[in-house]
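Colleague: Numbering (my numbering), first residue to last: 2 to 255.
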């Protein structure tokens, strides 16, 4: 029998700790598939966050260096500057990147650090109990906003990708999702593009991934996939937000 589906070499033989239906495991696999296909496993380094993906080093079979909460971009910056020939990625959740890590993320992007950031947006603080996050939608119920997020009390959901796209240091920002086969394939293409831009030395790239969180959303996995498609994408539209293909040439010309 012909084998058509195997475990990527960059993905360890370990059982995921993520809840059933969580999108993190899908994104992990996609990143590992791209690393294998691009032949960059031996020179790739990842930076796991605090939060649900804090144990990412148990799954990625590449060099990993844990970052304090919110400091993923700062740690990734240090790694890239010391080892500029390596492919460096930071893997961060919405609370990690858009709350405690706002400053580190913003300034790394503004400096145009040649790193890749995978920003997993599930609209809640997943690991600590499903509290309201910077990305929680208006009206969305969480453990700290039972009646739903109220703009007057809690502010509006933060669109980090759009904010970072206005900085001169960013060259490629796209928002994808992993709630359907078609969305998953698009996300994989965007992961490859992010790594390709970094290898070509173009600057800061970020891929935001809308990820389902059935446990904290109090939904079944199927319901959570539908919620991403029918509700979440209304506020966080999918697609390329910024893409500057000629960034490398422009830098050399200057």
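Glycine included, every Cβ here is placed at the ideal spot set by N, Cα and C.
1. Do you know offhand how far residue 107's Cα is from residue 69's?
2. If residue 199 and residue 206 are in contact, beta carbons under 8 Å, what's the gap, nearest whole angstrom?
3. From residue 1 to residue 144, what does the alpha carbon distance come to, in whole angstroms?
4. Shortest alpha-carbon distance to residue 182 belongs to which of 230, 139, 170?
5. Is it buried or exposed, residue 6, if we count other Cβ atoms within 10 angstroms and call 16 or more buried?
6. Measure the C-alpha to C-alpha separation of residue 22 and residue 214 and round it to an integer number of angstroms.
7. May I ask which residues mark the beginning and end of the beta strand (DSSP E) holding residue 122?
8. Using three-state DSSP, classify residue 93 as helix, strand or coil.
9. Might you give, ordered along the chain, the residues of its own chain that have their beta carbon closer than 6 Å to the beta carbon of residue 122, omitting 5 neighbours on each side?
10. Answer yes or no: do residue 130 and residue 217 have a C-beta to C-beta separation smaller than 9 Å?
11. Using alpha carbons as the reference points, say which of 110, 52, 54, 98 lies closest to residue 78.
12. Run through the DSSP bridge pairs and tell me what residue 240 is partnered with.
13. Just reading off the alpha helix (DSSP H) that residue 107 is part of, what are its end residues?
14. Just the C-alpha distance for residue 26 and residue 167, rounded to the nearest angstrom, thanks.
15. Helix, strand or coil: which one does DSSP assign to residue 205?
16. According to DSSP, is residue 170 part of a helix, a strand, or is it coil?
17. Under the three-state reduction of DSSP, which class applies to residue 198: helix, strand or coil?
Modeller: So, from the data block:
1. 17 Å
2. 6 Å
3. An answer regarding residue 1 cannot be provided, because it is not within the stretch 2 to 255 covered by the chain.
4. 230
5. exposed
6. 7 Å
7. 117 to 122
8. strand
9. 95, 136, 209, 211
10. yes
11. 110
12. 176
13. 103 to 112
14. 31 Å
15. strand
16. coil
17. helix
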